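Numbering (mature numbering (1 follows the signal peptide of the UniProt record, and there is no 0)), first residue to last: -28 to -1, 1 to 420.
Cβ coordinates follow ideal geometry from the N, Cα and C atoms, glycine included.
Please read these numbers as outputs of a predicted model, since none were measured by experiment.
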């Protein structure tokens, strides 16, 4: 039994190291008790207490590592979602520029045809050898045609205007096509990058899911051993130690009691100073009169007190109908598995769940990215201090709860201290108490 458990632990450690978590050496090779040792310890209170302490340390270590596995997978998933959003924008930009280039090319071709008609008219009225050469096939393209027209001396003012327009539209067409080609190359580069990021994120997700399943099996046996030593049940022990782990995460990097102020918009630049008028010429001096007494200076006025700053506007009240629809949609997904990039209907990741929940209510909250959803709420002025959270709010998580860092997780607040989330690989959509560790001190309020 001991050998089997040690082998399993080694596998868990290798998996965690493989996904970059680096489980500490202190927890690398703990000594798992066998069932024989557990049964023997039950007859002696001191030995039983020692085994309970050993098992509790193992449970705490594995539970902490499981949370770290999930967090790392979420961070890699957010990197992938951000890469997808960037690629989608590049696709839209490339398509828009290509459409503009196509329209410009059509206008340039139309102008070139008009220039050709002008050249034909000049030929009929006697345009010289150059005109006949151009009309006779010496000009093999519209570019050569336009260059040839530029050397004709018969161009009237109106004809010159038409020629100039054709040249301008040709140049615009060429410039826009170069921009469209560059945008297409950037689109293709970002597509390759998104594929690479997805492969790395999926590998992390698979490793996290495997490790989570293996740790769950180990924890099941540890809970059963604790129950045997303490005369309880495995379910009771699981609930107790999961509660301890929840409390630990509550206190790990919890947001401050008073959230930091949101950054205020940049002040408008001061207007440029008006030019001072030129001084008038001084008249010729007249004879100076006798000195007059200097007037006593008048006292400077007392400065008026600056007005008190206006209080911040109250946070918006969420729209009940939209919130109820979003929450109902999210609850309908309970029990469905987490998958990187999932946005339904069978698989979900965290930002996919919040995105589609509010989409069901007809409310846009940004793109399929926790960071983008936070930035969207910030840009719309819909961030509220976390201590004022209400049902329907979006809760964001980042390293240390930083407002400026990438947001690796987003959940939907249900009220009553509960939230619904697509947590991480190996888990399903679930309802859990709000975790305050790594919670960003502002929540998003999409409606109201």
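| Check | Outcome |
| --- | --- |
| Residue nearest to residue 56 in terms of C-alpha spacing, selected from 179, 287 and 165 | 165 |
| Among 388, 170, 413 and 353, nearest to residue 382 - alpha-carbon criterion | 413 |
| For residue 320 and residue 371, believed in contact at Cβ under 8 Å, the rounded distance | Contact doesn't hold; Cβ gap of about 23 Å is too wide. |
| Three-state secondary structure assigned by DSSP to residue 325 | helix |
| Residue closest to residue 387, alpha-carbon to alpha-carbon, out of 136, 380 and 406 | 406 |
| Selected residue, minimal CA-CA separation from residue 368, among 322, 313 and 389 | 322 |
| Check whether residue 411 and residue 384 have beta carbons under 8 Å apart | no |
| Outcome for residue 192 when other beta-carbon atoms lying within 10 angstroms are tallied against a minimum of 16 | exposed |
| Residue closest to residue 357, alpha-carbon to alpha-carbon, out of 415, 154 and 150 | 415 |
| DSSP-derived helix/strand/coil call for residue 387 | strand |
| Cutoff 6 Å; reference residue 155; Cβ partners in own chain excluding five residues on either side | 65, 66 and 69 |
| Beta-carbon separation (whole angstroms), residue 298 vs residue 333, contact threshold 8 Å | 5 Å |
| Nearest-angstrom beta carbon gap, residue 391 and residue 404 [assumed within contact, 8 Å] | 6 Å |
| Nearest to residue 52 (by Cα), restricted to the options 35, 170 and 180 | 170 |
| Opening and closing residue of the beta strand (DSSP E) in which residue 416 lies | 414 to 416 |
| Where residue 78 falls, given that 16 or more other Cβ within 10 Å makes a residue buried | exposed |
| One or two residues paired with residue 400 in a DSSP bridge | 309 |
| Cβ-heavy atom distance, residue 136 to the ligand NAD, below 7 Å | Absent from the structure shown: the ligand NAD. Ligands present: none. |
| Alpha-carbon spacing of residue 408 relative to residue 359, whole angstroms | 11 Å |
| Continuous beta strand (DSSP E) stretch holding residue 357: start and end | 355 to 357 |
| First and last residue of the uninterrupted beta strand (DSSP E) at residue 346 | Per DSSP, residue 346 belongs to no beta strand (DSSP E); it is in the alpha helix (DSSP H), 342 to 351. |
| The region 20 to 29 in contact with the region 198 to 216 per 3-pair CB rule at 8 Å | yes |
| Helix, strand or coil at residue 319 [DSSP, three-state] | coil |
| Cβ-based burial, residue 293 [other Cβ within 10 Å; buried from 16] | exposed |
| Residue 139 - DSSP class collapsed to helix/strand/coil | helix |
| Beta strand (DSSP E) segment containing residue 370, residue limits | 366 to 370 |
| Rounded separation between residue 185 and residue 398 - CA only | 7 Å |
| Unbroken alpha helix (DSSP H) run spanning residue 292, endpoints | 292 to 303 |
| Beta-carbon proximity list for residue 348, same chain, < 7 Å, skipping 5 on both sides | 337 and 338 |
| Distance between beta carbons of residue 73 and residue 145, contact taken as under 8 Å | 7 Å |
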